[in-house]
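Just below is one structure, and these are the notes that go with it.
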Amino acid sequence: MSTVFIGNKEFFPGVKKIGYEGPGSDNPLAYKFYDADKKVGDKTLKEHLRFAVCYWHTFCGKGSDPFGGATQVFEWDQGSDPLTMATYRMDAAFELFSKLGVPYYCFHDRDLAPEGANVLESGKNLQHMVELAKERQDCTGTKLLWGTANLFSHPRYMNGAATNPDFTVLTHAAAQVKCAIDATIALGGENYVFWGGREGYASLLNTHTKRELDHLARFLQLARDYGRQQGFKGTFLIEPKPMEPCKHQYDFDAQTVIGFLRHYGLDQDFKLNIEANHATLAGHSFAHELRMAADAGLLGSIDANRGDPQNGWDTDQFPVDIYDAVLGMMVVLEHGGFTSGGLNFDAKVRRESVSMEDIFIGHIGGMDTFAIGLEVAHRILADGKLSRARDDRYASFDRGNGSRFESGELSLKDLHDLATNGVEPQAISGRQEWYENLVNQYILTSL
Ligand code: XLS
Ligand code: CA
Ligand code: CA
Numbered sequence: 263m264s265t266v267f268i269g270n271k272e273f274f275p276g277v278k279k280i281g282y283e284g285p286g287s288d289n290p291l292a293y294k295f296y297d298a299d300k301k302v303g304d305k306t307l308k309e310h311l312r313f314a315v316c317y318w319h320t321f322c323g324k325g326s327d328p329f330g331g332a333t334q335v336f337e338w339d340q341g342s343d344p345l346t347m348a349t350y351r352m353d354a355a356f357e358l359f360s361k362l363g364v365p366y367y368c369f370h371d372r373d374l375a376p377e378g379a380n381v382l383e384s385g386k387n388l389q390h391m392v393e394l395a396k397e398r399q400d401c402t403g404t405k406l407l408w409g410t411a412n413l414f415s416h417p418r419y420m421n422g423a424a425t426n427p428d429f430t431v432l433t434h435a436a437a438q439v440k441c442a443i444d445a446t447i448a449l450g451g452e453n454y455v456f457w458g459g460r461e462g463y464a465s466l467l468n469t470h471t472k473r474e475l476d477h478l479a480r481f482l483q484l485a486r487d488y489g490r491q492q493g494f495k496g497t498f499l500i501e502p503k504p505m506e507p508c509k510h511q512y513d514f515d516a517q518t519v520i521g522f523l524r525h526y527g528l529d530q531d532f533k534l535n536i537e538a539n540h541a542t543l544a545g546h547s548f549a550h551e552l553r554m555a556a557d558a559g560l561l562g563s564i565d566a567n568r569g570d571p572q573n574g575w576d577t578d579q580f581p582v583d584i585y586d587a588v589l590g591m592m593v594v595l596e597h598g599g600f601t602s603g604g605l606n607f608d609a610k611v612r613r614e615s616v617s618m619e620d621i622f623i624g625h626i627g628g629m630d631t632f633a634i635g636l637e638v639a640h641r642i643l644a645d646g647k648l649s650r651a652r653d654d655r656y657a658s659f660d661r662g663n664g665s666r667f668e669s670g671e672l673s674l675k676d677l678h679d680l681a682t683n684g685v686e687p688q689a690i691s692g693r694q695e696w697y698e699n700l701v702n703q704y705i706l707t708s709l
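For the sequence shown, the residue numbers in my numbering are 263 to 709.
And the structure:
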């Protein structure tokens, strides 16, 4: 990966390729902990973490919020027609990907190419930009982690896409998904994501929830079948989120989505993309959501951006919480690591962060945080002290009647009789404080 900028123009002239300088460096534009080629266990950090940059926040969002317009001025936005602007944006994107040295990126169809006057024109725009993306992928070595379709920004989707009460809207959503799957395949994407932006409802009074859920499942089955017919071998992913923009979203959290996928027979092709910020919006922790997905064998990929502990909306901040990263990476490593998934930064710098360097600094911080998280999690698991203590809590199921219960040999009556003939159980400490202190000890001795 030698090329750092592609077109005629360098969009981030003040930033060179970001290198690893170690924890002592005071260069904000250097990695302090993410040493891409360093081995942890049998893989390098780069192979473990599979970082991706998202196209939307980083190159399309400009700092606007419900109370005010854009604060960030991007040079790649200077252009007369939408396709030229999309090309500049793409050059800037690939410059950033290669300067950061991230192996992957992710996009929505509408981030890459502007919507046209009709379905055909939109499709053509996307195809055109896909050709340019192919060239830039080849030239920089950056790969596509996942593609998706934006089925929530256009006003036609205000009542949902696959769950819209109007069939005409559903056909437009299908057209977009078809083209976005084609684009993902053409670019060698390893996954295809469905985040149910407006797939939910605001009022039960005007909504047939069962019908909408059936429609969503049918839509996903058709998308799956189309993708497989076209030779897509990657993973389809559902990204749970409980609310925002809908009051109630059907993909509330990991366990809701797991139940949905199993109910509709989609769990062979679909896995979950867990976003840290969505986990906290659902009242869970990041690690909880990862654990539920992993336990079901459906942990696919991660959006690593976090929320703010003091408010209840989707702030999409870069991750800086080492503790969360450790707990999250413990689940990922215990699950055997990523296969087709990776760690995507669906994150945006703050509205007040208006310098172009801020975008690099945000990503550097997120990557350093997860590099520490991975190394500490690896040490905890390799040492085995914590896992052994946790396993010991369940030792009564490893032998005798406990083990017979697990293998289904005992009835409820058998259990009743065992309790009747047995003794009152002794109180056994859960020792949560011991576990917590142990994790802190690993963190503090790793830094
Ligand atoms: C929004 C979601 C979205 C998905 C991709 O909250 O996080 O960005 O990741 O559509
Ligand atoms: Ca989010
Ligand atoms: Ca996301």
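Glycine is no exception: its CB is placed at the ideal position from the N, C-alpha and C atoms.
Inset, instruction - Out of MET352, GLY569, ASP570 and ARG553, point me to the one whose CA is closest to GLY562's CA. - result: ARG553
Legend entry - ALA566 vs GLY627 beta-carbon contact at 8 Å: no
Legend entry - Per DSSP, the bridge partner or partners of PHE456: ILE500
Inset, instruction - Look at LEU499 and LYS533 and say whether their C-beta atoms are less than 8 Å apart. - result: yes
Legend entry - ASP608 CB to nearest heavy atom of ligand 3 below 7 Å: yes
Legend entry - ASP608 classed as buried or exposed, judged by whether at least 16 other C-beta atoms fall within 10 angstroms: With 16 or more other Cβ atoms within 10 Å, it is buried.
Legend entry - Given GLY331 as reference, the closest of LEU595, HIS390, GLU614 and GLN530 once Cα atoms are compared: GLU614
Legend entry - Separation of MET618 from ARG612, as counted between CA atoms: 12 Å
Legend entry - Counterpart residues of CYS368 in DSSP-defined beta bridges: CYS316 and TRP408
Inset, instruction - Please report the residue range of the alpha helix (DSSP H) in which ILE642 lies. - result: Segment 618-645, the alpha helix (DSSP H) holding ILE642.
Inset, instruction - Please determine, among ILE536, PHE336 and THR402, the residue with the shortest C-alpha to C-alpha distance to ALA549. - result: ILE536
Inset, instruction - Check the DSSP bridge columns for ARG568 and list the partner residues they point to. - result: GLN579
Inset, instruction - Verify the contact flag: ASP353, CB atom, against every heavy atom of ligand 1, threshold strictly below 7 Å. - result: no
Legend entry - Under 8 Å between C-beta atoms of LYS503 and TRP575: no
Inset, instruction - Counting only the same chain and skipping the five closest in sequence on each side, list residues whose C-beta sits under 6 Å from that of CYS508. - result: Around CYS508: ARG460 and GLY462.
Inset, instruction - Output the distance between the C-alpha atoms of ASP660 and LYS495, rounded to the nearest integer angstrom. - result: 39 Å
Legend entry - Closest Cα partner of ARG652 within the set ILE621, ILE690, HIS525 and PHE356: ILE690
Inset, instruction - Check whether the Cβ of THR410 lies closer than 7 Å to any heavy atom of ligand 1, and answer yes or no. - result: yes
Inset, instruction - May I ask you to report which of helix, strand or coil DSSP gives LYS361? - result: helix
Inset, instruction - Can you tell me which of the three DSSP states THR601 falls into? - result: coil
Inset, instruction - Please classify LEU528: does DSSP put it in a helix, a strand, or coil? - result: coil
Legend entry - N- and C-terminal bounds of the alpha helix (DSSP H) containing ASN539: 538-543
Inset, instruction - Take every Cβ of the segment 264-279, pair it with every Cβ of the segment 593-607, and state whether three or more of those distances are shorter than 8 Å. - result: no
Legend entry - Distance between PRO581 and ALA633 (C-alpha atoms, nearest Å): Approximately 11 Å, taken between the alpha carbons.
Inset, instruction - Flag TRP457 as yes when its Cβ comes closer than 7 Å to any non-hydrogen atom of ligand 1, and as no otherwise. - result: Answer for TRP457: yes, Cβ within range of ligand 1.
Legend entry - Reference ASP586; option with closest CA among PHE600, PRO571 and THR577: PRO571
Inset, instruction - Please check the pair ALA375 and VAL439, which I expect to be a contact at CB under 8 Å, by giving their CB distance rounded to whole angstroms. - result: Not confirmed; about 15 Å, so no contact.
Legend entry - PRO365 vs PHE313 beta-carbon contact at 8 Å: yes
Inset, instruction - Confirm, please, whether the CB-CB distance from ASN412 to HIS370 is below 8 Å. - result: In this structure, the beta-carbon distance from HIS370 to ASN412 falls below 8 Å.
Legend entry - 8 Å Cβ cutoff, ASP353 in contact with chain D: Here chain D cannot be found, since the structure has a single protein chain.
Legend entry - LEU388 versus ALA445 - alpha carbon distance: 7 Å
Inset, instruction - Mind checking who SER563 pairs with in its DSSP beta bridge? - result: DSSP lists ASN535 as partners of SER563.
Inset, instruction - May I ask which residues mark the beginning and end of the alpha helix (DSSP H) holding LEU416? - result: Note that residue 416 is His in the sequence shown here, rather than Leu. Unbroken run through HIS416: none, as it is neither H nor E.
Inset, instruction - Name, in chain order, the residues that DSSP records as bridge partners for HIS510. - result: TYR463
Legend entry - Coil, strand or helix - ALA292 by DSSP: strand
Legend entry - Straight-line Cα distance separating ALA437 from ARG418: 13 Å
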